[in-house]
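Protein chains in written order, with my numbering: chain P, 101 to 683; chain G, 794 to 937. Glycine residues also receive a C-beta, built at the ideal position from the N, C-alpha and C atoms. Just so we're clear, the structure is a prediction, and the values are computed from it rather than from any experiment. Here's the structure, in structure tokens; my notes come after.
What follows is the structure in structure tokens.
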């Protein structure tokens, strides 16, 4: 037999549809939940850390700032206080060591002034001796103030009535900040005032030059709110509650009072205040709070920026990752669905199979009985009494019909059973030749009656194959039965051979060939399809070869067919074997 | 040769009865049993049974078991297996255990008759040969 047709394979089956998917809403919810969780979990520690650190930083910065202000103001206060005390002491000492009358001598006064200047620098501007009426009796200094009259001056009123007096700062006749120190001495019960003008410029400059940050500014004011040093640019728009401050200062034991106050424009300012000259003056250092805390604010801004950027990053990542994760979950879910569907389908198929097997078996018995009874009727019809009956032929025909249909039922149920039953799949080591010989023997009877000869050519000493013997038997039976069915009317020959395959390594090939009518080329691609049959209705189910195909594939083997119409058909089955172990 | 003495064993009583009637019409002597146990009892009571037609699937003692017991107790009697469902395994098992052949239900009466005749022939041949062997043995020991 020449192989002129192609090898046939089974057509691919229809793809199963995946199972019902979870709704999109479910996945959106999952995504949102995931995003939320990631964000909360990421943000919470970040926020906590930033908050705690900023808080701590703020507290310590606050402390530091206040401490710094304290230091600065304190230092200045101490300097100024010391200076004032010192100058007063200088004059006082002068009045003690030199009697007033002597001081009235201009030359002497000038000499004293020089001494003071030498000792203490140009801080001492001039000296004067003023009588009880306010007339300057003697004057030593750069200006023409001899015989000047101070009787109406506020300072003189004070000076004449106090042991000592330190005036407020005034620009005075000279255009630069000065204050005067006076000491009153009695001479023969007549008060005389020794007066010295102190140049405050140095301290004024010092205070004016005190700068803190961008807006830190210091000044000295007196009880009436009059500036003793240059006032800040733009003046002082707010109220300095003098009395309140001095009260607080004396209540606390601190020398510097630091507090915050809002000015009319709404910005908060920090004030560091210290009392001078027995709280007659206040040294005020004022700085905008924003300015004082500028470094902290910058840190906070940077932290805020980091937080914002980090936060955005977190959110973006959360969204992206969550989406990707959920997409993967979706895919896994649908795969699971598909798998579940498959399992269910397989289960259904299995139970359908079992059901079919049960039904088939159950049907066989009643059918057998029916056929028997029909046969019995047939037998009875042979009796003499029926021989004259006009309907005898008709009855005989009917009986035959019952028998035929009964046989048909039997074939259908048998085929159904063999398709649906759970084949005994116990894997054993099998000698193919033995198995084939058995099958040939089994089929022997049927073959003989159809005038079909079965010959075999089984190569001896083939290696064992590991498979389910009952499944292999099924395959062989199917192939042989098909051949026999094809050659039923005409008779013919079936030849079965086994040998080591040359085409496939480590495979045994079983060849079943017949001299039957062959398979038309147009049918060849379909013969392994389930329910494909060319037999007349009722004669074949079309399941035989598809069962063979399934079994052979499961064993890891191959099956193919070659056929030529008019010459015959050849099936080849390759079965893999393991390398024979030494037995 | 005379028509074999048949024992039909199947739990489907209606089946057996009709089969029995049909066989009797064809001049066979038929006995029936509804189970493996009953079959053995009938065989013990009737030593001249030639052929047993045995259903494979029965409650209690199933076909294969019954077959084994029959072959143990009555080795000469031939057994034909009847199977209602296409279990090749049981057919092959049966053959291995010593059944003469197997038939699938529902079976053609003519087919059954042919098989029974074959089985009967075989039994007769075996029985004759055994008798002959025994006779020869007897003769040789007697030294005749």
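Taking only three categories from DSSP, how would you classify residue 556/P? strand
Residue 617/P to residue 669/P, Cα distance in whole Å? So the alpha carbons of these two residues sit roughly 8 Å apart.
Under the DSSP definition of a beta bridge, which residues are partnered with residue 375/P? 382/P
8 Å contact criterion, which residue 842/G and residue 798/G should meet: CB distance rounded: 5 Å
CA-to-CA distance, residue 214/P to residue 304/P, given in whole angstroms: 23 Å
Can you tell me where the beta strand (DSSP E) with residue 236/P in it begins and where it stops? 236-240
Name the chain P residues whose beta carbon is nearer than 9 Å to that of residue 811/G? 469, 472, 473, 475, 476
Per DSSP, residue 361/P is paired with what? According to DSSP, residue 361/P bridges with 369/P.
With a Cβ-Cβ cutoff of 7 Å, do residue 223/P and residue 339/P count as a contact? In this structure, residue 339/P does not lie closer than 7 Å to residue 223/P by Cβ.
Name the chain G residues whose beta carbon is nearer than 7 Å to that of residue 538/P? 885
Inter-residue spacing [alpha-carbon to alpha-carbon] between residue 834/G and residue 856/G: 15 Å
Could you work out which residue in 282/P, 277/P, 459/P is closest to residue 259/P when comparing CA atoms only? 282/P
Between the alpha carbons of residue 368/P and residue 332/P, how many angstroms are there, rounded? 16 Å
I'd like the ranges of any beta strand (DSSP E) spanning at least 3 consecutive residues and lying wholly in the region 210-268 of chain P. Runs found: 224-230, 236-240, 264-266.
Hey, is the region 405-416 of chain P in contact with the region 345-354 of chain P, meaning 3+ C-beta pairs nearer than 8 Å? no
Cβ-based contacts, 9 Å cut-off: residues of the region 911-923 of chain G near chain P: From the region 911-923 of chain G, no residue has a Cβ closer than 9 Å to chain P.
Rounded to whole angstroms, what is the Cα-Cα separation between residue 454/P and residue 461/P? 11 Å
What residue from 803/G, 870/G, 934/G has the CA that sits closest to residue 839/G's CA? 870/G
Residue from 661/P, 271/P, 202/P with nearest C-alpha to residue 292/P: Closest by alpha carbon: 202/P.
Excluding five sequence neighbours on each side, which residues of the same chain lie with their C-beta closer than 8 Å to the C-beta of residue 205/P? Around residue 205/P: 238.
Buried or exposed (CB count within 10 angstroms, at least 16 for buried), residue 249/P: exposed
Taking 7 Å as the cut-off, decide whether the C-beta atoms of residue 584/P and residue 535/P are in contact. Taking 7 Å as the Cβ cut-off, residue 584/P and residue 535/P do not qualify as a contacting pair.
Grab the span of the beta strand (DSSP E) containing residue 856/G for me, first residue to last. Following the DSSP letters along the chain, one finds residue 856/G in no beta strand (DSSP E) but inside the alpha helix (DSSP H) bounded by residues 856-866.
Name the DSSP bridge partner or partners of residue 827/G? Paired residues: none, contrary to the question.
Would you call residue 388/P buried or exposed, if buried means 16 or more other Cβ atoms sit within 10 Å of its Cβ? buried
Residue 616/P CB to nearest chain G CB: under 7 Å? no
Once you ignore the five residues that flank residue 471/P on each side, which residues in its own chain have a CB closer than 6 Å to its CB? 503, 506
What are the boundary residues of the beta strand (DSSP E) that residue 600/P is part of? It spans 592-600 - the beta strand (DSSP E) in which residue 600/P sits, taken as one unbroken run.
Let me know the beta strand (DSSP E) ranges lying completely inside the region 425-504 of chain P, each 3 residues or longer, listed in chain order. none
Closest Cα partner of residue 589/P within the set 425/P, 549/P, 599/P, 420/P: 549/P
Inter-residue spacing [alpha-carbon to alpha-carbon] between residue 307/P and residue 385/P: 9 Å
Take residue 921/G and list the residues in its own chain whose beta-carbon comes closer than 6 Å to its own, dropping the five residues that flank it on each side. So no residue of the chain qualifies.
Buried or exposed: residue 926/G, going by 16 or more other Cβ atoms within 10 Å of its Cβ? Looking at its Cβ environment, which holds fewer than 16 other Cβ atoms inside 10 Å, residue 926/G is exposed.
Between the alpha carbons of residue 547/P and residue 596/P, how many angstroms are there, rounded? Each residue's Cα considered, the two are about 14 Å apart.
How far does the alpha helix (DSSP H) with residue 296/P in it extend, from its first residue to its last? Looking at the DSSP string, residue 296/P is not in any alpha helix (DSSP H); the run it does join, the beta strand (DSSP E), is 290-299.
Which of helix, strand or coil DSSP assigns to residue 627/P: coil
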